[in-house]
Amino acid sequence: MKALIALEDGRTFTGRSFTGPGEAVGEIVFNTGMTGYQEILTDPSYKGQIVTMTYPLIGNYGVNDEDMESAAIHPGAMLVKEYNAVPSNFRSQGTLSDFLRNQHVVGVEGIDTRALTKHIREKGALKGIVSTIDLDISSLVHRAQSWPGLVGHDMVSKVTCAKPYGWTKNGPVPGSNFTTSGPGTFRIVTIDFGLKYNQLRLLSERGCQVQVVPAQTSADDILAMNPDGIFLSNGPGDPAGIPGVVDTIRTLLGKKPIFGICLGHQIMGLAYGGSTYKLKFGHRGSNQPVKDLDTGKIEITAQNHGFCVDIKSLEHAEVELTHINLNDNSVEGMRHKRYPAFSVQYHPENAPGPHDSLYLFDRFIEMIKK
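Numbering-wise, the sequence shown is residues 1 to 370 according to my numbering.
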């Protein structure tokens, strides 16, 4: 089935839908990971986006329940060079096409993904539309241009949990997961801006009782739970477009140890009094080199973000830079000089991606112990 991709600047690409009819509008981005397409699709950070996979063959190992990073697919569409309809892997429980189709997400193959990626790198992330229904180019370009985009808009409200829940080794459980703390057991409130399950797994594996709360939970309600630490998750879109949360985190600073990842990191930057900006085409993939300024070590990291903290806006704040991206020198980590609070822009939970940065979860636990 013929599919058209139209960008807001008028550039078009033609492909074939491998999921049947459908449409999606969003910001066209690319991910350079060679594997991990299921984790990418179920990462809430992709809400409002259409993801292009730069690796040419996708679908060859199928999908399975274990690799879900949330309960749903979040990109509006997936664009690939070649789709493999016959997966071969002992863990496979189904095909990628069925996985997408069952959640009404468009999958398109036959795209010149190298040309599309190069165009995005040169022009920057662009609004776009994928359709098998409307094949009129002028109509599609106009509709892409009319989409409001991500800047200044709240995408977190579309992915955060509706009610608090706990996390155990068997997965999510309704209600509270907190009991009386014992030796070596810490109560962690996780603010869900669009979290990935592996973050909760890693906290649970370290003996933590994990309680997840919606993004708009007040500071008073969080502190009333008497947590030992607060974890700020990843999530989609522009951190400046989320109402209320910056003030919440600013109130929590200094009261409990805080660890933030990705969007949580950006929100902490705003809470410190800084600002954020939109990257030209973002960082998305499992091979981003980051330098730890404390140790001088280089970490290969997984990343998925389109916005970044402006470290110059924090020159007069009590904040120090801890990690930088070696590709563009952008901010990848920071910590407060006075409060027990630190954050990183990348994803240390390795789902998908390398394991180089798992030590950050141990650092959070050590901070709580102090």
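Think of the CB as a built atom: it goes at the ideal place given N, C-alpha and C, for glycine as much as any other residue.
Check                                                                                                                              : Outcome
Assumed close pair G353, S343 - CB separation to whole angstroms, cut-off 8 angstroms                                              : Incorrect: roughly 18 angstroms between the Cβ atoms, too far for contact.
Cβ distance (whole Å) where D154 is taken to contact G241 below 8 angstroms                                                        : 5 angstroms
For E27, the three-state DSSP class (helix, strand or coil)                                                                        : strand
Sub-9 angstroms separation of V105 and T35 beta-carbons                                                                            : no
Unbroken stretches of the beta strand (DSSP E), 3 residues or longer, contained in the segment 116-185                             : 126-131, 165-168 and 171-174
Proximity to T322 [Cα-Cα], best of K291, P348, I129 and R338                                                                       : K291
Top-ranked residue by Cα proximity to T217, from D247, L200 and R206                                                               : D247
8 angstroms CB neighbourhood of K127 in its chain, flanking five on each side removed                                              : L7, E8, V25, G26, E27, I28, A144, Q145, W147 and G149
Touching by the beta-carbon criterion (3+ pairs, under 8 angstroms), the segment 76-91 and the segment 54-62                       : yes
I73 versus D43: straight-line alpha-carbon distance, rounded                                                                       : 7 angstroms
contact_flag[the segment 182-196, the segment 224-237] where n(CB pairs < 8 angstroms) is 3 or more                                : yes
Whether Y277 touches F307 by CB criterion (9 angstroms)                                                                            : yes
Chain-order list of residues whose beta-carbon lies under 7 angstroms from that of P174 (same chain, five-residue window excluded) : Y165
Option in L202, S45 and M268 with minimal Cα separation from Y359                                                                  : L202
Start-to-end residues for the beta strand (DSSP E) that takes in D247                                                              : Where D247 is concerned, there is no enclosing beta strand (DSSP E), although the alpha helix (DSSP H) it sits in stretches over V245 to L252.
Whole runs of the beta strand (DSSP E) within the segment 5-73, excluding any shorter than 3 residues                              : 12-17, 23-31 and 49-53
Length of the line joining the Cα atoms of I50 and K370                                                                            : 43 angstroms
Rounded separation between G269 and E315 - CA only                                                                                 : 12 angstroms
Delimiting residues of the beta strand (DSSP E) encompassing R284                                                                  : S275 to D292
Bridge-paired residues (DSSP) for L79                                                                                              : T52 and V108
I129 beta carbon less than 9 angstroms from that of G15                                                                            : no
Own chain partners of L195 with C-beta closer than 8 angstroms, once the 5 adjacent residues on each side are dropped              : P44, S70, V212, S233, N234 and G235
Beta carbon of N64 nearer than 9 angstroms to that of G94                                                                          : yes
L321 - containing alpha helix (DSSP H), residue span                                                                               : Looking at the DSSP string, L321 is not in any alpha helix (DSSP H); the run it does join, the beta strand (DSSP E), is V319 to N325.
For F231, three-class secondary structure by DSSP                                                                                  : strand
Extent of the continuous alpha helix (DSSP H) to which I368 belongs                                                                : Y359 to K369
When T301, I365, G244 and Q288 are compared against N327, the one with the closest alpha-carbon                                    : Q288
Whether M1 touches T132 by CB criterion (9 angstroms)                                                                              : yes
Length of the line joining the Cα atoms of K169 and S204                                                                           : 7 angstroms
Residues that E374 bridges to, as DSSP identifies them                                                                             : Since the first residue of the chain shown is 1 and the last is 370, residue 374 is not available in this structure.
Nearest-angstrom Cα separation, counted from P239 out to R114                                                                      : 30 angstroms
Proximity test, E122 beta-carbon vs the ligand ATP heavy atom, cut-off 8 angstroms                                                 : You won't find the ligand ATP in this model; it holds no ligand whatsoever.
Cα-Cα separation, A219 to S176                                                                                                     : 17 angstroms
DSSP state of E205 mapped onto helix, strand, coil                                                                                 : helix
Residue nearest to H336 in terms of C-alpha spacing, selected from K255, W167, H305 and F90                                        : K255
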